[in-house]
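Trainee: Pasting a structure here, questions to come.
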Amino acid sequence: MPFSTTRFPLLDVWGGPRQRGLQIGAAFGDRIAQTLALYKAYFSRPDDVLLPVVARFRAVVDGFDPRYSAEIEGIAEGAEVDPLWIHALNARSELLAAVSASECTVVHYTGTPFVGQNWDWSEELEDLVVLVRSEDERGRRFLTMTEPGLLAKIGLNDAGFCVCLNFLPTPKPTNGLPSHVLLRALLDVGSWAEVEATLERAGTDRSLNLLVASADGRCINVEYEGDAARRMEAGRPATIHTNHYLTCDAPVEAELLENSTARLDRVRALTAHGFPADLARLQSVLSDREHPEHAILAPYRDSDGFLGRKGTVCTIAMNLARRQMHIRRGNDPENPFHQILVNEVETTFSM
0 MPFSTTRFPL
10 LDVWGGPRQR
20 GLQIGAAFGD
30 RIAQTLALYK
40 AYFSRPDDVL
50 LPVVARFRAV
60 VDGFDPRYSA
70 EIEGIAEGAE
80 VDPLWIHALN
90 ARSELLAAVS
100 ASECTVVHYT
110 GTPFVGQNWD
120 WSEELEDLVV
130 LVRSEDERGR
140 RFLTMTEPGL
150 LAKIGLNDAG
160 FCVCLNFLPT
170 PKPTNGLPSH
180 VLLRALLDVG
190 SWAEVEATLE
200 RAGTDRSLNL
210 LVASADGRCI
220 NVEYEGDAAR
230 RMEAGRPATI
240 HTNHYLTCDA
250 PVEAELLENS
260 TARLDRVRAL
270 TAHGFPADLA
280 RLQSVLSDRE
290 HPEHAILAPY
300 RDSDGFLGRK
310 GTVCTIAMNL
320 ARRQMHIRRG
330 NDPENPFHQI
340 LVNEVETTFS
350 M
């Protein structure tokens, strides 16, 4: 398999949930093992303490929709890993809910199909991130950038819906449907009625800012804080979010609050009236490095309370009307964006 310093591997999968899971697990087994080793260090708990908690998440996922449990089990079988560890990866946000760590700058130009974000996390994951383009047994398709072993993260589908996220820390219990399973469920929707039904069934009990947008320019933005879910009005001219709560005064550690607030203020200035709202402008906003300490496109740096260095792992800018994802690896603004269409199919596993 050829190596590229500017592209992430792209895998097309198809069939029923277990079939797709098997294909993902078999293709990305080594990456899943490395990702799992990384997260075991982040979880920082003995297996006999962690795995009973994960078993409860497994039951929650199965009760929400057995298809997602079946796909997780398929990934585990294909990667030759205990299924509980794949469930642990899919519950990584809930298991790390109390960690104070920045993870993402989200921008949606309200009323347009242009939406995207930077994903800021561990430097080690830049070499592990994958793209999965999936077609289910009904012929419905989606494309996601994700960590190996997770059902989904940032992505869009053939109905013109997308999901973006920001990590939000909370000390409150987060025992509900894992955030990344909810993201995946929302990539399976075909209408706003299905979005609302999915959000209703998923309940709260997670720490996450979730943005769902569609090709018609509408969006829903929800802040989850354990036992609460609060919707935000769409912003004008853009709906934006970073890594602190905007609907309440939930406490955030000083380092994270300073970083998150600086990025939010800069994005607000960059998306002000007078600038065109198009894909090129969105890419430019997400590429901004003006702030010497708290850049939107963040270089990798050490951070208090975080294992290793963190920064922007990748940048995603989507045109939902054309069902296009434009993705750039890493945090070098000179790296190119690569275009991927939801409705194409690669004949071979590509890198």
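Quick note on numbering: numbering that gives the first Met the number 0 labels position 169 of the sequence shown as 168, and the sequence is numbered without any gaps. Built from N, CA and C at the ideal position, the CB exists for glycine as well. Note that this is a predicted model, so its numbers are computed, not measured.
Just verifying my parser: in three-state terms, what is the DSSP assignment at phenylalanine 56?
Mentor: Of the three classes helix, strand and coil, the one that applies to phenylalanine 56 here is helix, per DSSP.
Trainee: Tell me the DSSP secondary structure of isoleucine 326 in three-state form.
Mentor: Isoleucine 326: strand per DSSP, three-state reduction.
Trainee: Taking just the CA atoms, how far does alanine 228 sit from cysteine 247?
Mentor: Roughly 11 Å between the two C-alpha positions.
Trainee: Expressed to the nearest angstrom, what Euclidean distance is found between the alpha-carbon atoms of arginine 200 and proline 291?
Mentor: Roughly 43 Å separates the two Cα atoms.
Trainee: Per DSSP, what kind of secondary structure is alanine 192 in: helix, strand or coil?
Mentor: Three-state result, alanine 192: helix.
Trainee: Give the range of the alpha helix (DSSP H) segment to which asparagine 258 is assigned.
Mentor: Looking at the DSSP string, the run of the alpha helix (DSSP H) that includes asparagine 258 is 253-269.
Trainee: What three-state label does DSSP hand serine 43 in the structure shown?
Mentor: Serine 43: coil per DSSP, three-state reduction.
Trainee: Quick check on the DSSP output: the alpha helix (DSSP H) that includes asparagine 23 runs from which residue to which?
Mentor: The identity of residue 23 in the sequence shown is isoleucine, whereas the question assumes asparagine. From DSSP, the alpha helix (DSSP H) with isoleucine 23 extends over 16-26.
Trainee: Once you ignore the five residues that flank leucine 50 on each side, which residues in its own chain have a CB closer than 6 Å to its CB?
Mentor: Correct list, in chain order: Leu83.
Trainee: Grab the span of the beta strand (DSSP E) containing asparagine 208 for me, first residue to last.
Mentor: Run containing asparagine 208: 205-213, per the beta strand (DSSP E) assignment.
Trainee: Return helix, strand or coil for tyrosine 244, following the three-state DSSP convention.
Mentor: Of the three classes helix, strand and coil, the one that applies to tyrosine 244 here is coil, per DSSP.
Trainee: Output the distance between the C-alpha atoms of alanine 214 and proline 112, rounded to the nearest integer angstrom.
Mentor: Rounded to whole angstroms, alanine 214 to proline 112 spans 5 Å at the Cα level.
Trainee: Measuring straight from C-alpha to C-alpha, what distance separates isoleucine 219 and leucine 198?
Mentor: Taking the straight line joining both Cα atoms gives about 10 Å.
Trainee: Consult DSSP for asparagine 89 and reduce its assignment to one of helix, strand or coil.
Mentor: Helix at asparagine 89.
Trainee: In the DSSP assignment, find the beta strand (DSSP E) that holds glutamate 224 and state where it starts and stops.
Mentor: That run of the beta strand (DSSP E) goes 218-225.
Trainee: Does the stretch 261-271 touch the stretch 302-322, meaning 3 or more C-beta pairs lie closer than 8 Å?
Mentor: These segments do not touch.
Trainee: Between the stretch 324-333 and the stretch 46-64, can you find at least three pairs of beta-carbon atoms closer than 8 Å?
Mentor: Cβ pair count under 8 Å is below three, so no.
Trainee: With which residues is valine 344 paired in a DSSP beta bridge?
Mentor: Paired residues: none, contrary to the question.
Trainee: Check leucine 285 in the structure and name its three-state DSSP category.
Mentor: Looking at leucine 285 - three-state DSSP - the assignment turns out to be helix.
Trainee: In its own chain, which residues sit with a C-beta less than 7 Å from the C-beta of proline 236, not counting the 5 before and 5 after it?
Mentor: For proline 236, where only same-chain residues beyond five positions count, the Cβ hits under 7 Å are Tyr108, Thr109, Thr270, His272 and Ala276.
Trainee: Report buried or exposed for alanine 96, applying the criterion of at least 16 other Cβ atoms within 10 angstroms of its Cβ.
Mentor: Buried: at least 16 other Cβ atoms inside 10 Å.
Trainee: So, helix, strand or coil for phenylalanine 274, using DSSP?
Mentor: Phenylalanine 274: coil per DSSP, three-state reduction.
Trainee: Just to confirm the assignment, what range does the beta strand (DSSP E) spanning leucine 155 have?
Mentor: Element bounds for leucine 155: 153-156.
Trainee: Expressed to the nearest angstrom, what Euclidean distance is found between the alpha-carbon atoms of glutamate 224 and arginine 137?
Mentor: Near 34 Å, if we compare the C-alpha coordinates of arginine 137 and glutamate 224.
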